[in-house]
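**Student:** Going left to right, the sequence shown walks through residues 497 to 1104 as the numbering used here numbers them.
Quick reminder that beta carbons are idealized off the backbone N, C-alpha and C, glycines included.
Questions regarding the structure given below will be posed in turn.
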Amino acid sequence: MKRLRSGAAPEPGCRQAARGSAHGGAATVARQLRGAFGQLLLRMRGLPPALPMMPLELTVLYNSLLFVMGTSDCAIKGEAEEIRQGLLRVLEACGTSGQDLSTEELWQKVLQEVTAEELLAPVHRLGALQAAWWLASSCLQNITDLFRLLSNAEDSGRAPCSGEKNELLTLLRAWRPPAEEASVSLVQSTEDLKETLCTAVAFLQGLQELEAGNLPNTLCLLQEAAGGFCSRRVLAQIYVCLGCCAQRMGKPQTALQHLKRALQVDFQCHPALSHAAAVYQELGETDAELQALSLLYEALEKNPPSSTSSSPYFLIRTDLLVNTPILASLLRRHHPSEVKYLLAQRCLRDGRVADAVEHYLDFLALLQEGLQQQAGILVPLDGGSPLPRIPEVFLEAASALEQDGRHQDSLTVCEEVISRTTNLIPQTVQVEEKLEQPECTSLQTGLAGGLLSQKRESLCCLTWRAAAYLHQGWVWTKLGKGKEAITQFSRCLSELLRFQPCGRGLEPAESLLPEVKILQKIRLLSLIGRGMQFLEQEKHKDALLDFQHGLQISPDDPTAAFYLVKVLWKLNRKQEAADYWQKYLESPAEGDGQQERHGRYVVGHVGC
């Protein structure tokens, strides 16, 4: 028994190893200590539980579990069974049993049965450890119930935030764990663990309130967490969440202050830059937005993901206890290619065509190197990625190149889309038109779940291919090459004949699939574009047919109506021309340039 007692108390070097393990310098030693404590605990449990030895056993259990959590990437919830076994041995040493009780009931019984002074501190330590495991599972009510039992102290005097959930914070602050004996050596003290719990609880509750939309409560709780006990990395994350809260409250300047503070605390907090760019976009400050995105791109290229920069003194840390989907979403790490794409897109929308072209070409170079490329046609990194599909990016780049006057390059990029989709479209694409059909689930969801409808995918490929031909037709039109333009417009219309909707009759526009709406717009623009070229070549009857078909697709389209009137007049069908003119008199006709911009819009926005 003397050997067990001497082995239970860690040497000073053990604590130093625990501190160093947070930096990774002594990770191997920490894992060895974890195994040593586990072996020691196993030997102790091989003996019948005895009340005089329970403080020692619970201390070994506490230190062992600290190493279990501290040497893992997250809280291992299955290890909570070790706490349960410890409580059962305490009851057995007291001459009772609790095998049939739940963990919550077991804690209640232990705290009622244990009266020995020397057991109070070890049991309270174990209670704090139990709270850490429950917190990692977001079981806040269980923690509240436990600390009602552990603490009978009055409020600590700090004014709590308003809100029902903050009873837990009040209980945690009021809890006064019994003093430890001077001879007890702990890898992490109970007081330090208490402070970590307070910070993590405030952080977690703040995130829950943010998700629920209770922004004033979110603000109060996150401010509480920011003043707590955590690493600089976690503090920066809290400031990011404060920034998002302020943005949702309609306070963009306050949001920017919080995000700036996050970067001051941890310059590797890249999500702060991405959120700052979003705030600047909301404010309409394009220069600042592009600067933030550029800084983010440079930071992501130069700095690899940082390792956990937690406090060197503690094994149980805030970042191990707070791990929720909303936090993962707010802190999602962007890939450099995503940021490069956003730069290109924002520059193009803001009319900075030359800059957009350079960014698109850089992004396409990344794709050619094979980054994010799956089967040559997929781009998204995950469900939250802003990246579209590869053919969509090519079409956007083609639009930018055309606007920049690089017509041949634009044609070449479109040809790349056409060649990539050549063998991906069946001779006939039959898809239900209506949005309510089961096949019409989100394409993004289908990709994530591996349940993407082949028919819907074929429809996407058809849309991309047709848009590429359409864009080539408009480029040749701009170059004054009427024959080549007619050829590409005709190829576009020929491709669209592959689509055979399964719906019966005419469906309301609002119930159509997004792809079907885009195909209709592409068909309309192709007919108008080809009709304009026929008109220039004085092939009036061919032009008339195209404009009539265009009005069948979109009866209220003023451009098709304008050119229909024009060709009827040239065919000397002046009464019909006058009738149409009267019908569409209130709808101002769009000039060639406006219709061409519509074409570019569709080419650049054919997302499926």
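Taking the alpha helix (DSSP H) that glutamine 626 belongs to, which residues open and close that run?
**Tutor:** From DSSP, the alpha helix (DSSP H) with glutamine 626 extends over 613-632.
**Student:** Quick one: is glycine 739 buried, meaning 16 or more other Cβ sit within 10 Å of its Cβ, or exposed?
**Tutor:** buried
**Student:** Determine the extent of the alpha helix (DSSP H) in which phenylalanine 859 is found, giving its start and end residues.
**Tutor:** 849-864
**Student:** Mind checking glutamate 687: buried by the 16 CB within 10 Å criterion, or exposed?
**Tutor:** The residue is exposed, with fewer than 16 neighbouring Cβ atoms inside 10 Å.
**Student:** Taking 8 Å as the threshold, find out whether the stretch 829-838 comes into contact with the stretch 850-866 through three or more Cβ pairs.
**Tutor:** yes
**Student:** May I ask you to check if the CB of glutamate 663 is nearer than 7 Å to at least one heavy atom of the ligand SAH?
**Tutor:** Here there are no bound small molecules, and the ligand SAH is not part of this structure.
**Student:** State the CB to CB distance for the pair leucine 955 and glutamate 1011, rounded to an integer number of angstroms; the pair is presumed to be in contact (CB under 8 Å).
**Tutor:** 5 Å
**Student:** Taking the straight line between their C-alpha atoms, what separation do you get for serine 652 and leucine 668?
**Tutor:** Unreliable positioning characterises serine 652 in this predicted model, as indicated by a pLDDT of 41, which lies under 50. The coordinate reading is nonetheless provided below. Roughly 9 Å between the two C-alpha positions.
**Student:** Using the three-state DSSP reduction, which class does alanine 871 fall into: helix, strand or coil?
**Tutor:** In this prediction, alanine 871 scores a pLDDT of 42, lower than 50, which makes its location untrustworthy; the coordinate-derived value is nonetheless stated afterwards. If DSSP states are grouped into helix, strand and coil, alanine 871 belongs with coil.
**Student:** Determine, using beta carbons only, whether alanine 981 and glycine 1025 come nearer to each other than 8 Å.
**Tutor:** In contact: alanine 981 and glycine 1025 (Cβ atoms closer than 8 Å).
**Student:** Among residues of its own chain, excluding the 5 on either side of leucine 622, which ones have a beta-carbon nearer than 8 Å to its beta-carbon?
**Tutor:** Leu554, Leu557, Tyr558, Ile579, Gly582 and Leu583
**Student:** Taking the alpha-carbon positions, what's the arginine 527 to leucine 706 distance?
**Tutor:** 37 Å
**Student:** Buried or exposed: where does asparagine 713 fall if 16 or more other Cβ atoms within 10 Å of its Cβ makes it buried?
**Tutor:** buried
**Student:** Does the stretch 841-849 come into contact with the stretch 813-829, if we say contact requires no fewer than three beta-carbon pairs (one atom in each stretch) closer than 8 Å?
**Tutor:** The stretch 841-849 makes no contact with the stretch 813-829; the number of CB pairs closer than 8 Å stays below 3.
**Student:** Taking Cβ to Cβ, would you say leucine 1021 is nearer than 8 Å to leucine 966?
**Tutor:** yes
**Student:** Along the chain, where does the beta strand (DSSP E) that runs through phenylalanine 725 open and close?
**Tutor:** Unbroken run through phenylalanine 725: none, as it is neither H nor E.
**Student:** Can you tell which of Val697, Leu631 and Lys690 has its C-alpha closest to the C-alpha of asparagine 461?
**Tutor:** Since the first residue shown for the chain is 497 and the last is 1104, residue 461 is missing from the structure and cannot be characterised.
**Student:** Indicate whether the contact test is met: 3 or more Cβ pairs, each with one atom in the stretch 530-550 and one in the stretch 768-787, closer than 8 Å.
**Tutor:** no
**Student:** What residue from Gln923, Trp970 and Thr918 has the CA that sits closest to glutamate 898's CA?
**Tutor:** Trp970
**Student:** Arginine 1019: which of Leu992, Ala708, Leu717 and Pro832 sits nearest, CA to CA?
**Tutor:** Leu992
**Student:** To the nearest angstrom, how far is the alpha carbon of aspartate 900 from that of threonine 820?
**Tutor:** Using only the alpha carbons, I get a separation of about 45 Å.
**Student:** Should proline 548 be labelled buried (16 or more other beta-carbon atoms within 10 Å of its own) or exposed?
**Tutor:** exposed
**Student:** Return the chain-ordered list of same chain residues with a C-beta closer than 7 Å to the C-beta of leucine 642, the five sequence neighbours on each side being excluded.
**Tutor:** Trp603, Gly623, Gln626 and Ala627
**Student:** Could you pull the start and end residues of the beta strand (DSSP E) that proline 997 belongs to?
**Tutor:** 995-997
**Student:** DSSP on valine 835, reduced to helix/strand/coil?
**Tutor:** helix
**Student:** Can you tell me whether lysine 690 is buried or exposed, with buried defined as 16 or more other CB within 10 angstroms of its CB?
**Tutor:** buried
**Student:** Between the C-alpha atoms of lysine 498 and leucine 552, what's the straight-line distance to the nearest angstrom?
**Tutor:** Confidence at lysine 498 is low in this model, with a pLDDT of 35, below 50, so its placement is unreliable and the value that follows should be read with caution. Looking at the two C-alpha atoms, the distance is approximately 12 Å.
**Student:** Compute the distance between the beta-carbons of histidine 1105 and valine 730, then report whether it is under 8 Å.
**Tutor:** This structure does not reach residue 1105, given that the chain is present from 497 up to 1104, and the question cannot be answered.
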